[in-house]
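Residue numbers (the numbering used here): 53 to 403. We treat Cβ as the ideally placed atom computed from N, Cα and C, and that holds for glycine. Note that the structure is predicted; figures quoted are calculated from it, not measured. Written out below as structure tokens is the structure these notes cover.
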């Protein structure tokens with residue numbers, strides 16, 4: 053028996069019937085031979101972690117532009133926190149930890165520089181239908197590995213595509229909009245658990261809000277510290293979820309659900325839409341908009357920049373040129389975008 057087969061057998065003995073066995077994955081777009089050491093979902097996790105897009109997340113904004121301080125979350129640290137929460141919940145519920153982790157690690161690979169401000173900019177200048185979750189799927193299917201993609205399993209790709217909720221329901225009413233696995237649904241929940249906690253902490257650190265402003269109901273139900281809140285949310289989900297008609301229904305108790313909803317509203321009203329945060333996103337949108345316009349008019353210069361991002365294949369893949377420019381902009385880190393903007397539009401002294 054190979055190491056992979058041994059792991060698959062452990063899954064069959066250990067996992068709940070509501071979990072997704074790696075041996076029963078729906079497979080990949082391009083079939084591959086099975087590996088001797090890693091299961092299908094372990095292989096997906098490793099492909100994501102070793103990708104260029106994963107490394108670039110360390111210089112992409114979560115909420116506060118990373119130049120403000122080294123202690124603020126970036127898109128990468130957010131991703132790692134989501135993966136930790138998702139794996140903890142999956143383990144406690146006897147589900148597939150490797151699948152939950154792989155989805156979590158890949159869920160934000162398509163996020164733009166400057167966070168949701170960058171996403172809004174691309175909605176305005178490229179297409180109103182641009183969405184970071186769809187861009188994340190595009191990264192793993194098409195942009196990575198010189199245009200070959202990562203060839204991930206169906207379950208991981210589905211979880212990446214359907215992780216996003218915006219300001220909508222955590223688990224949508226329409227089953228077609230929800231991830232097809234319990235592990236994918238856990239990542240969708242873990243994503244909001246992570247950002248409710250760390251965005252609140254970063255907002256207090258930056259003095260956008262003060263601890264005394266946090267609704268008392270949220271403090272009473274969830275706790276006052278990051279650790280207390282995360283533990284309360286995870287524990288409540290684990291013990292409040294139930295099985296109905298042989299289906300696992302993930303849910304929080306009404307009190308914790310209401311506290312999370314209240315904290316979410318508080319962050320939207322007082323942090324994400326605050327003048328201090330909004331002012332920086334206006335600047336970020338200007339940078340991306342002007343870079344997009346410049347490269348639309350200068351394809352030869354774009355080709356040179358794509359070499360820097362190891363994405364030279366984009367110029368010769370039959371995609372519309374506007375799509376190529378969008379992929380280039382979305383793939384940038386914050387600092388890459390700012391340095392490029394400075395080089396293109398700021399005057400340089402003569403030497």
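| Query | Result |
| --- | --- |
| Taking DSSP's pairing of strands, which residues face residue 253 in a bridge? | DSSP output for residue 253 lists no bridge partner at all. |
| Please return the same chain residues whose Cβ sits closer than 7 angstroms to the Cβ of residue 289, not counting the five positions on each side in sequence. | 141, 241, 302, 304 |
| Quick check: the Cα distance between residue 306 and residue 293, rounded to an integer number of angstroms? | 12 angstroms |
| Would you check if the region 160 to 170 and the region 326 to 342 touch, i.e. whether three or more CB-CB distances between them fall below 8 angstroms? | yes |
| So, does the region 180 to 190 touch the region 142 to 154, judging by three or more C-beta pairs under 8 angstroms? | no |
| Should residue 372 go down as buried or exposed, given a rule of 16 or more other Cβ atoms within 10 Å for buried? | exposed |
| What did DSSP end up calling residue 99 once you bin it into helix, strand or coil? | helix |
| Mapping DSSP to helix, strand and coil, what is residue 314? | helix |
| Here's the rule: buried if 16 or more other CB atoms are within 10 angstroms of the residue's CB, otherwise exposed. What is residue 103? | buried |
| Do you know whose CA, among 202, 159, 389, lies nearest residue 83's CA? | 202 |
| Quick one: any contact between the region 185 to 199 and the region 354 to 369, if contact means 3 or more CB pairs under 8 angstroms? | yes |
| Quick one: which unbroken alpha helix (DSSP H) runs of 4-plus residues sit fully inside the region 68 to 149? Chain order, please. | 92 to 101, 104 to 108, 127 to 144 |
| Look up residue 195 in the DSSP assignment and say whether it is helix, strand or coil. | helix |
| Is the region 249 to 258 close to the region 209 to 228, with three or more CB pairs under 8 angstroms? | no |
| From the DSSP output, in three-state form, read off residue 56 for me. | helix |
| Can you tell me where the beta strand (DSSP E) with residue 329 in it begins and where it stops? | From DSSP, residue 329 is part of no beta strand (DSSP E) but of the alpha helix (DSSP H) over 327 to 349. |
| What whole-angstrom Cβ distance do residue 96 and residue 208 have, given they're in contact under 8 angstroms? | 5 angstroms |
| How should residue 211 be labelled, buried or exposed, when 16 other C-beta atoms within 10 angstroms of its C-beta is the threshold for buried? | buried |
| Using alpha carbons as the reference points, say which of 349, 391, 291 lies closest to residue 49. | This structure leaves residue 49 out entirely; the chain is present only between 53 and 403. |
| Measure the C-alpha to C-alpha separation of residue 357 and residue 263 and round it to an integer number of angstroms. | 44 angstroms |
| Between the region 310 to 320 and the region 269 to 284, are three or more C-beta pairs nearer than 8 angstroms? | yes |
| By Cβ distance below 6 angstroms, which residues in the same chain neighbour residue 376 in space, the five residues on each side in sequence not counted? | 366 |
| Just the Cα atoms here: how many angstroms apart are residue 355 and residue 53? | 49 angstroms |
| Roughly how many angstroms lie between the CA atoms of residue 204 and residue 382, to the nearest whole one? | 21 angstroms |
| Does the distance from the CB of residue 189 to the CB of residue 213 come in under 7 angstroms? | yes |
| Are the beta-carbon atoms of residue 245 and residue 137 separated by less than 7 angstroms? | yes |
| Got a sec, what are the start and stop residues for the beta strand (DSSP E) residue 362 sits in? | Residue 362 -> no beta strand (DSSP E), and no H or E assigned at all. |
| How is residue 65 classed by DSSP in three states: helix, strand or coil? | helix |
| Can you give me the C-alpha to C-alpha distance between residue 76 and residue 353, rounded to a whole angstrom? | 46 angstroms |
| So the alpha helix (DSSP H) residue 273 belongs to, where does it begin and stop? | 268 to 274 |
| By Cβ distance, which residues of its chain are closer than 8 angstroms to residue 162, with the 5 residues on each side in sequence left out? | 105, 184, 185, 186, 187, 188, 189, 190, 191, 382 |
| Here's the rule: buried if 16 or more other CB atoms are within 10 angstroms of the residue's CB, otherwise exposed. What is residue 219? | exposed |
| For a test of the three-state rule: what should DSSP assign to residue 301, helix, strand or coil? | strand |
| Ordered along the chain, which non-local residues of its own chain (more than five positions away) have a Cβ less than 7 angstroms from that of residue 237? | 223, 230, 231, 302 |
| How many angstroms separate the CA atom of residue 257 from the CA atom of residue 298? | 45 angstroms |
| Can you find the residues in the same chain that come closer than 6 angstroms, C-beta to C-beta, to residue 323, ignoring five residues on each side of it along the sequence? | 255, 260 |
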